[in-house]
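> Just dropping this structure here.
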Amino acid sequence: MNIITGGVTAAKGFQAASAAAGIKYQGRTDMAMVYSEVPCKAAGTFTTNIVKAAPVKWDQDIVYNQPEAQVIICNSGIANACTGKEGFECCKETAQAAARTLKVDPDSVLVASTGVIGMQLPVQKLAAGVEAMAPELDGSLEAGNQAAKAIMTTDTVEKEAAVQFEIGGKTVTVGGMCKGSGMIHPNMCTMLGFVTTDVNISKELLQEALSQDVKDTYNMVSVDGDTSTNDTVLLLANGMAGNPEITEKNEDYRAFCQALNYVNTQLAKKIAGDGEGATALFEVKIIGAESKEQAVTLSKSVVTSSLTKAAIYGHDANWGRILCAMGYSGAQFDPEKVDLYFESRTGKIKIIENGVSTGYSEEEATKILSEDAVTAIADIKMGDCTATAWGCDLTYDYVKINADYRS
């Protein structure tokens, strides 16, 4: 597997474009289009929030009930959530505008929105944006990068990842982009993510691969404990790599799953590291667990602890907060057998052994915790299962950003 530069346009046959439609933001792009030269198999995972945005409902129908998809239209600034029948009609009109412009079936057009909840989208601006983007579609990496920038809201950087690997003597590519910075909490995927691949694979296995992978990637991310109304990950496969179709769980399928996992893991970590107001990526690894479920529960509990996140911001090795968060997680373990380490590129330090402080150097711990990526590793000594969760520190700026988000 080779890590390459790029995002949604890295795979063969995919193009992208962006536009400044003036939906909410001024002076920046706020619409993106992803297009495949040929129809694709489509898979998707969606928010488990009962309050689902109109685009989520629209995309669920296409992914679950339509044989193919070919286009993704995404806008930033307004989420098209809690907008009733008018909001769903907006999805339909956006798809119809894309169908007219690109000469595709409207049932093959997926839509996504991100931004403020409760506002109606200006349909005319969306349609104009679609018409402006269509002639600008391009397969270059730059076009894909500009699309990744167009879907940002409070994100500070665009988020892309791509890899290549071999199947049946053919070079296969998986690439993706995502956005996510706030209202991020594990409960499906917690953001918008669009992944493209030129692999030839059955629709059933494509969906299974994505559904399984989100459990260890996007579902292990938390910024603030809020699960969005718009969470969507879409995966399009156009088959243009020319490999023999993957129809069973063989070595080819496993190679694809490995590549998909790499892309989704990188995107998930980029979201966590770019949490609203964040200054550091906070990674939590639970090792020595007796089951994967136990490890997942413990790692999520620590990474979502507000007190722990605040300590990471202060570069404070306040390990009691981590042990406390593990203790209320609901998972059973013996706190008197836990070893805890902090690690960053500066070094690694053992903070507690068998539940008791090692008498570590606070100065050394602070130095390790002062990096922009910090890992806490807890060994509970019960088995050989592991899990990793990703989050970020909690800063003053998080409150500032969200106190006036609508205005």
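Here the numbering used here = 1-based position in the sequence shown + 860. In this text, a Cβ means the ideal position worked out from N, Cα and C, and glycines have one as well. Keep in mind it's a predicted model, so treat the numbers as computed, not measured.
Just tell me which of 1159, 1118, 1201 and 886 has its CA closest to the CA of residue 1190.
As a first step, residue 1190 is located in the sequence shown; it is residue number 330 there, counting from the start. For the residues 1159, 1118, 1201 and 886, the minimum Cα distance to residue 1190 belongs to 1159.
> Ignoring anything shorter than 4 residues or poking outside the region 1052-1131, list the alpha helix (DSSP H) runs there in chain order.
Whole alpha helix (DSSP H) segments, 4+ residues: 1063-1076.
> DSSP state of residue 862, grouped into three classes?
Taking the first residue of the sequence shown as position 1, residue 862 is located at position 2. Here residue 862 sits in strand by DSSP.
> Quick check on this structure: which residue in 874, 917 and 903 has the alpha carbon closest to the alpha carbon of residue 909?
Here the question's residue 909 lines up with position 49 in the sequence shown. Closest option to residue 909, Cα to Cα, is 917.
> On the three-pair Cβ rule with 8 Å, is the region 987-998 touching the region 892-902?
Yes, they touch.
> Inspect the beta-carbon positions of residue 1148 and residue 1242 and report whether they are closer than 9 Å.
Translated into positions along the sequence shown, residue 1148 becomes position 288. Translated into positions along the sequence shown, residue 1242 becomes position 382. Cβ distance < 9 Å, so residue 1148 and residue 1242 count as in contact.
> In this structure, does DSSP put residue 1233 in helix, strand or coil?
Here the question's residue 1233 lines up with position 373 in the sequence shown. Looking at residue 1233 - three-state DSSP - the assignment turns out to be strand.
> Cutting at 7 Å between CB atoms, please list the residues of its own chain near residue 879, excluding the five before and the five after it.
Position 19 of the sequence shown, counted from the start, is the residue given in the question as residue 879. Excluding residues within five positions, the ones whose Cβ falls inside 7 Å are 889, 891, 989, 992 and 993.
> Below 8 Å on the Cβ atoms is my contact criterion, and I expect residue 930 with residue 968 to pass it. Report the Cβ-Cβ distance as a whole number of Å.
As a position in the sequence shown, residue 930 is number 70, starting the count at 1. As a position in the sequence shown, residue 968 is number 108, starting the count at 1. With a Cβ gap of about 4 Å, residue 930 and residue 968 count as contacting.
> Return helix, strand or coil for residue 1169, following the three-state DSSP convention.
The residue given as residue 1169 occupies position 309 in the sequence shown. Correct three-state label for residue 1169: helix.
> Taking C-alpha atoms, which residue in 1131, 1032 and 955 lies nearest to residue 1022?
Translated into positions along the sequence shown, residue 1022 becomes position 162. Taking only the C-alpha atoms, the option nearest residue 1022 is 1032.
> Applying the 10 Å Cβ sphere with the 16-neighbour rule, what's the burial state of residue 1072?
For the purposes of this step, residue 1072 is taken as the residue at position 212 of the sequence shown. It counts as exposed.
> Starting from the C-beta of residue 1195, find all residues in its chain whose C-beta is less than 7 Å away, skip the five residues before and the five after it, and write them out in chain order.
Position 335 of the sequence shown, counted from the start, is the residue given in the question as residue 1195. Result list for residue 1195: 1183, 1187 and 1215, in chain order.
> Over the uninterrupted beta strand (DSSP E) stretch that includes residue 1038, give me the two end residues.
Counted from its first residue, the sequence shown places residue 1038 at position 178. It spans 1030-1039 - the beta strand (DSSP E) in which residue 1038 sits, taken as one unbroken run.
> Express the C-alpha separation of residue 1131 and residue 1125 in angstroms, rounding to a whole number.
As a working mapping, residue 1125 is identified with position 265 in the sequence shown. As a working mapping, residue 1131 is identified with position 271 in the sequence shown. About 10 Å.
> Just to check my reading of the structure: residue 928 and residue 963 have Cβ atoms closer than 8 Å, yes? What is that Cβ distance to the nearest angstrom?
Position 68 of the sequence shown, counted from the start, is the residue given in the question as residue 928. Position 103 of the sequence shown, counted from the start, is the residue given in the question as residue 963. About 15 Å; that fails the 8 Å criterion.
> Following the continuous beta strand (DSSP E) through residue 1178, name the residue where it begins and the one where it ends.
For this step, residue 1178 is matched to residue 318 along the sequence shown. Looking at the DSSP string, residue 1178 is not in any beta strand (DSSP E), and its letter there is neither H nor E.
> Within the continuous alpha helix (DSSP H) that includes residue 915, where are the two ends?
The residue given as residue 915 occupies position 55 in the sequence shown. Residue 915 -> alpha helix (DSSP H) spans 914-925.
> Going by C-alpha to C-alpha distance, which of 1005, 1136, 1141 and 903 sits closest to residue 1258?
Within the sequence shown, numbered from 1, the residue matching residue 1258 stands at position 398. The shortest C-alpha separation from residue 1258 is found at 1136.
> In terms of alpha-carbon separation, which member of 1110, 1103, 1118 and 1088 lies closest to residue 1070?
The residue labelled residue 1070 in the question sits at position 210 within the sequence shown. Per the Cα distances, 1118.
> Answer yes or no: do residue 1162 and residue 1236 have a C-beta to C-beta separation smaller than 9 Å?
Numbered from 1 along the sequence shown, position 302 holds the residue referred to as residue 1162. Numbered from 1 along the sequence shown, position 376 holds the residue referred to as residue 1236. Yes. Within cutoff.
> With a floor of 3 residues, list each beta strand (DSSP E) that falls wholly inside the region 1185-1253, ordered by position along the chain.
Fully enclosed beta strand (DSSP E) runs of 3 or longer: 1199-1204, 1207-1213, 1233-1239 and 1245-1252.
> Going by the CB atoms, is the gap between residue 1007 and residue 1051 shorter than 9 Å?
For this step, residue 1051 is matched to residue 191 along the sequence shown. For this step, residue 1007 is matched to residue 147 along the sequence shown. No. Outside cutoff.
> Just verifying my parser: in three-state terms, what is the DSSP assignment at residue 884?
Residue mapping note: residue 884 aligns to position 24 of the sequence shown, counting from 1. Of the three classes helix, strand and coil, the one that applies to residue 884 here is coil, per DSSP.
> Roughly how far, in whole angstroms, is the beta-carbon of residue 913 from the beta-carbon of residue 1077, given that I think they are within contact range, below 8 Å?
Counting from one through the sequence shown, the residue named residue 913 turns up at place 53. Counting from one through the sequence shown, the residue named residue 1077 turns up at place 217. Their Cβ separation, rounded to whole angstroms, is 22 Å, which puts residue 913 and residue 1077 out of contact at 8 Å.
> Note down, in chain order, each residue of its chain lying with its Cβ closer than 6 Å to the Cβ of residue 986, except the 5 sequence neighbours on either side.
Numbered from its first residue, the sequence shown carries residue 986 at position 126. Answer for residue 986: 954, listed in chain order.
> By the 10 Å Cβ neighbour count, where 16 or more other Cβ atoms means buried, how is residue 1209 classified, buried or exposed?
As a first step, residue 1209 is located in the sequence shown; it is residue number 349 there, counting from the start. Classification of residue 1209: buried, given that the 10 Å Cβ count is 16 or more.
> If contact is defined by three or more beta carbon pairs under 8 Å, each pair taking one atom from either stretch, is the region 1008-1022 in contact with the region 1100-1108?
No, the region 1100-1108 is not in contact with the region 1008-1022.
> Please name the residue, chosen from 1075, 981 and 1248, that lies closest to residue 885 on a Cα-to-Cα basis.
On the sequence shown, position 25 is the one that residue 885 refers to. When each option's Cα is compared against that of residue 885, the closest is 981.
> Hey, residue 1233 and residue 1133: beta-carbon distance below 9 Å or not?
Numbered from 1 along the sequence shown, position 373 holds the residue referred to as residue 1233. Numbered from 1 along the sequence shown, position 273 holds the residue referred to as residue 1133. Against a cut-off of 9 Å, the Cβ pair of residue 1133 and residue 1233 comes out as a contact.
> Please classify residue 937: is it buried, with 16 or more other beta-carbons within 10 angstroms of its beta-carbon, or exposed?
Counting from one through the sequence shown, the residue named residue 937 turns up at place 77. So residue 937 ends up on the buried side.
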